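Residue numbers (this note's numbering), protein chains in the order written: chain L, 1 to 133; chain D, 1 to 160. Note that beta-carbon positions come from the ideal geometry of N, C-alpha and C, so glycine has one too. If you're wondering where the values come from, they're calculated on a predicted model, not measured in any experiment. Accompanying notes for the structure given below.
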């Protein structure tokens, strides 16, 4: 398992824990009427579940498991891979943290988009069958 | 494929079908449902299907710590499966009942038997809290199972 995948999957597991904890607090509030402010966690819960947990886990696993390049670097440029990880997590951070300015959310969405574009660049050439080479 | 993985995937597909069925039921104009199904079907899809599929496949495919236990199942893996699915079943039956309108309308089966509204809501709250505990337990057990298996190749070889 490449180090980039190890980082992505471990971060996604941490996000899984965070999304389950925030979801638990919201559900507990629904059951016990703890405090209305718990509803403020809902966007964080959704954002982290979709992008932090599921997307990051899937991208990290695909980066590891898809067919590798026969020549040159096995999974493309590592610097691009690391930039993808940084942009993805910066994007999740800026969009998930409540109370930040609108500009921060825009910056976050841009970073998320950039991460996905980098993923496409990295993975496109690896969506092949070895029989075709 | 490990038997526990087959259970994860099949249960995941059942949750997906149920989630889409409820989504359809909730979309029908003039739906007879007086309860909010939205959190139910979204969690059926996001937790029951996607998360469960990821858990099952990763338990099967991720590198093992020791080669000699390559195909062995562990009680921990079954505990994850049962804890998650028991939590989900409990949640999907109890969460819609948290809506006081649902209790008053007598929509949910069995709730008609509860004559004391406060007592009924207390019971439902306990069911919801139990479901939270079970789902949280499943995730913590999954982290315990999978975290040590997410390692760079060189380090994993060295630990053998």
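- In this structure, the CA atom of residue 87(L) is about 6 Å from the CA atom of residue 112(L).
- Using a Cβ-Cβ cut-off of 7 Å, residue 8(L) does not count as an interface residue toward chain D, since no Cβ of chain D sits closer than that to its own.
- Under DSSP, no beta-bridge partner is assigned to residue 40(L).
- Residue pairing of residue 74(L) in beta bridges, as defined by DSSP: 76(L).
- At a cut-off of 7 Å, the C-beta of residue 24(L) has a neighbouring C-beta in chain D.
- In this structure, residue 124(D) keeps its C-beta atom at 7 Å or more from the C-beta atom of residue 88(D).
- The C-alpha of residue 40(D) lies about 43 Å from the C-alpha of residue 74(L).
- Its Cα nearest to that of residue 18(L), the residue 54(L) stands out among 118(L), 54(L), 2(L).
- Considering only 56(D), 6(D), 50(D), the residue with the shortest C-alpha distance to residue 141(D) is 56(D).
- Those residues of the region 40-59 of chain L placed with their C-beta closer than 7 Å to a C-beta in chain D are 49, 54, 57, ordered along the chain.
- Of all C-beta pairs linking the region 83-100 of chain L to the region 112-127 of chain L, three or more are shorter than 8 Å, placing the two stretches in contact.
- DSSP, read as helix, strand or coil, puts residue 26(D) in helix.
- With a threshold of 7 Å between beta carbons, residue 153(D) makes contact with chain L.
- Shown in chain order are the members of the region 38-50 of chain D whose Cβ falls below 7 Å from a Cβ of chain L: 46, 50.
- Put simply, the CB of residue 30(L) is near chain D, with a gap under 7 Å to one of its CB atoms.
- Under the Cβ criterion of 7 Å, residue 88(L) is not counted among the residues facing chain D.
- Rounded to whole angstroms, the separation of the alpha carbons of residue 149(D) and residue 6(L) is 10 Å.
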